[in-house]
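Colleague: Pasting in a structure now, in C-alpha cells, and then I'll have a few things to ask.
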Amino acid sequence: MQFRTIVSPHQLNSRWGRRIYWLVLVAVIVLFTLAFVFPLYWMITGAMKTPEEIAQMPPTLTPEAPSLDAFFEAWDLFDIGTLLANTAYYALGAWLFSMAVDVTAAYALSKLRPMFGNVVLGAMLATLMIPPMVILIPLYVTIVDLGLLNNPWGLWFPAAANGFNIFLLKRFFDSIPRELIEAAQIDGAGPLRVLWSVVLPVSRPILGVVSIFTIVTAFKDFVLPLLVMTDSEKMTVSVGLSQTAGAVTQNQVMGGLFIASIPMIIVFFIFQRHIMAGLTAGSIKG
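Have a look at this one:
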C-alpha cells in the first residue's frame, strides 16, 4: 500500500530535497531544545547574577561577574535540606501506597477479570478527564473531616489510586502470556502468589516507569501540599520556596529553585530510557 504525502519520495531523495529535509529537521530539534533547556539556563545564570543585574533592562544572557554565592545563601535561607527531606519522605510514602493499590487493581482487572471489570476500568479512566482543580475542594474538605491536616496521610491517601498508572499496568499485565499464570495455578499458587512470584518479576520495566511517574508527581505537587502541610517544618520544597520567596532576593530565589530541581533532573537522565519504554509498554502483545 502506497501512502501519499505532501512531499513525494522522488522529491525527498533529490539533492535539494535532502538538504531541505535536514535543514527543517535540525531547525525543529534546535527550537524544541531551546524551548525546554533555556528556562533551566536562565535559572542557573540568574542565580549567578546580582539582584541589580537581574532587574536590568534589557536583560543580559550571561552574568557579568558570575558568582556561586546565591546557591549557598539559598540553601541556608530556605532551609532546603529540611524541605528536600520532607519531600522525599512524602514521595516515598506516596510511592508505597500507589504501588500497593495500583498494582493490585491492575492485576485484578487484567488477570482475575472480576464482574463489571470493564466498567470499573472505564470509570477510572473517566477520572482522567476531570481537571484536578474541580475535585480539589471536596478532597480538601474530606482531608479536614478526617483530621489529616499537617499529616503525611493527607498526601498519601490521594496519591494511592491513579487511573493512568492502573491503565499502564493493566496493559502490560495483559501482554503476559496466560500460560505462565496457568502453570503457576497448576502448581497450587493462589492469586497473591501468582502476583508476587510470576507477574511482578516479569513486570519490572513497567513497575520502574510507574514508580518514576509517581515520585515525580509527588515531588512537584504544589497545591495539595500547600493546603495540607501548613506547618513550616513539614512543608514540601515547592511550598517552602514559594512561602519564603518574598523575603529574599531574586538571585537567591533562582538559586533555590535550581537546587530543588537537581533531584528530578538526575532522575530523568538516569531513567529516561525507561520512561520512553513505559509509554509503549504492553501496546504490543508477544
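Numbering-wise (this note's numbering), the sequence shown opens with residue 515 and increments by one. Yeah, the Cβ is synthetic: ideal placement off N, Cα and C, and Gly gets one too. Keep in mind that this is a model prediction, so the values were computed, not measured.
Can you tell me whether VAL713 is buried or exposed, with buried defined as 16 or more other CB within 10 angstroms of its CB?
Modeller: Within the sequence shown, residue 713 is the residue found at index 199, counting from 1. It is buried - the Cβ of VAL713 has at least 16 other Cβ atoms within 10 Å.
Colleague: Distance check for GLN757 and ARG580, CA to CA, integer angstroms please.
Modeller: Taking the sequence shown and counting its residues from 1, one reaches residue 580 at position 66. Taking the sequence shown and counting its residues from 1, one reaches residue 757 at position 243. Here residue 580 turns out to be Pro, not Arg, going by the sequence shown. Answer to the nearest angstrom: the Cα atoms are 27 Å apart.
Colleague: What's the call for TYR555, buried or exposed, on a 16-neighbour Cβ count within 10 Å?
Modeller: The sequence position of residue 555 within the sequence shown is 41, counting from 1. By the 10 Å Cβ count, TYR555 comes out exposed.
Colleague: Distance, Cα to Cα, LEU721 vs ILE543?
Modeller: Here residue 721 corresponds to residue number 207 of the sequence shown, with the count starting at 1. Here residue 543 corresponds to residue number 29 of the sequence shown, with the count starting at 1. Their backbone Cα atoms lie some 31 Å apart in a straight line.
Colleague: Within the continuous alpha helix (DSSP H) that includes MET647, where are the two ends?
Modeller: To locate residue 647, count along the sequence shown from 1; it is residue 133. Premise fails: MET647 is in no alpha helix (DSSP H) and is neither H nor E.
Colleague: May I ask you to verify whether the stretch 741-757 touches the stretch 693-713, counting CB pairs closer than 8 Å and requiring at least 3?
Modeller: no
Colleague: Tell me which residues share the same chain as GLY607 and place their Cβ nearer than 6 Å to its Cβ, disregarding the 5 neighbours each side in the sequence.
Modeller: For the purposes of this step, residue 607 is identified with residue 93 of the sequence shown, where counting begins at 1. PRO666, TRP670.
Colleague: I'd like the list of long-range same chain contacts for PHE552, defined as Cβ closer than 6 Å, with 5 residues on each side in sequence excluded.
Modeller: Position 38 of the sequence shown, counted from the first residue, corresponds to residue 552. For PHE552, where only same-chain residues beyond five positions count, there are no Cβ hits under 6 Å.
Colleague: Could you check where the alpha helix (DSSP H) with SER756 kicks off and where it finishes?
Modeller: One-based indexing of the sequence shown puts residue 756 at position 242. Note, SER756: alpha helix (DSSP H), 751-758.
Colleague: Could you round the C-beta distance between SER624 and LYS684 to whole angstroms and report it? I think they count as a contact, below 8 Å.
Modeller: Numbered from 1 along the sequence shown, position 110 holds the residue referred to as residue 624. Numbered from 1 along the sequence shown, position 170 holds the residue referred to as residue 684. Correct: roughly 5 Å between the Cβ atoms.
Colleague: How would you write the range of the alpha helix (DSSP H) that ASN632 sits in, first residue to last?
Modeller: Residue mapping note: residue 632 aligns to position 118 of the sequence shown, counting from 1. 631-640 is the extent of the alpha helix (DSSP H) around ASN632.
Colleague: Would you mind listing the alpha helix (DSSP H) stretches within the stretch 672-696 that are 4+ residues and don't spill past its ends, in chain order?
Modeller: 677-688
Colleague: State yes or no: is the C-beta of PHE678 within less than 8 Å of the C-beta of LEU642?
Modeller: For this step, residue 678 is matched to residue 164 along the sequence shown. For this step, residue 642 is matched to residue 128 along the sequence shown. It is a contact, given that the beta carbons lie within the stated cut-off.
Colleague: Just to confirm the assignment, what range does the alpha helix (DSSP H) spanning ASP616 have?
Modeller: Position 102 of the sequence shown, counting from 1, holds the residue named residue 616. It spans 594-621 - the alpha helix (DSSP H) in which ASP616 sits, taken as one unbroken run.
Colleague: Cutting at 6 Å between CB atoms, please list the residues of its own chain near ALA675, excluding the five before and the five after it.
Modeller: Translated into positions along the sequence shown, residue 675 becomes position 161. Hits under 6 Å: VAL615.
Colleague: Have a look at GLU567 and VAL723 and give me their C-alpha separation to the nearest angstrom.
Modeller: Here residue 567 corresponds to residue number 53 of the sequence shown, with the count starting at 1. Here residue 723 corresponds to residue number 209 of the sequence shown, with the count starting at 1. Linking GLU567 to VAL723 through their CA atoms gives a straight-line distance of about 42 Å.
Colleague: Counting only beta-carbon atoms, is VAL762 nearer than 8 Å to chain B?
Modeller: Checking the listed chains, one finds no chain B in this structure; it contains a single protein chain.
Colleague: Tell me the DSSP secondary structure of GLN766 in three-state form.
Modeller: Here residue 766 corresponds to residue number 252 of the sequence shown, with the count starting at 1. Of the three classes helix, strand and coil, the one that applies to GLN766 here is helix, per DSSP.
Colleague: Taking the CB atoms as reference points, tell me whether ALA732 and ALA605 lie closer together than 8 Å.
Modeller: Here residue 732 refers to the residue found at position 218 of the sequence shown. Here residue 605 refers to the residue found at position 91 of the sequence shown. In this structure, ALA605 lies closer than 8 Å to ALA732 by Cβ.
Colleague: My understanding is that THR596 touches THR576, with C-beta atoms under 8 Å, so please give their C-beta distance in whole angstroms.
Modeller: In the sequence shown, residue 596 corresponds to position 82, counting from 1. In the sequence shown, residue 576 corresponds to position 62, counting from 1. The Cβ separation is near 33 Å, so there is no contact.
Colleague: Between the stretch 653-666 and the stretch 740-753, do at least 3 Cβ pairs fall closer than 8 Å?
Modeller: yes
Colleague: Taking the C-alpha atoms as reference points, what is the distance between TRP589 and VAL538?
Modeller: Position 75 of the sequence shown, counted from the first residue, corresponds to residue 589. Position 24 of the sequence shown, counted from the first residue, corresponds to residue 538. Taking the straight line joining both Cα atoms gives about 43 Å.
Colleague: Less than 8 Å between the C-beta atoms of ASN765 and ALA584, yes or no?
Modeller: Numbered from 1 along the sequence shown, position 251 holds the residue referred to as residue 765. Numbered from 1 along the sequence shown, position 70 holds the residue referred to as residue 584. It is a contact, given that the beta carbons lie within the stated cut-off.
Colleague: Using the three-state DSSP reduction, which class does GLU578 fall into: helix, strand or coil?
Modeller: Counting from 1 along the sequence shown, the entry for residue 578 is found at position 64. It is coil, neither helix nor strand.
Colleague: Can you tell me whether PHE785 is helix, strand or coil according to DSSP?
Modeller: Mapped onto the sequence shown, residue 785 falls at position 271. Three-state DSSP puts PHE785 in a helix.
Colleague: From which residue to which residue does the alpha helix (DSSP H) around THR731 run?
Modeller: Numbered from 1 along the sequence shown, position 217 holds the residue referred to as residue 731. Taken as a continuous stretch (DSSP letters only), the alpha helix (DSSP H) holding THR731 covers 718-734.
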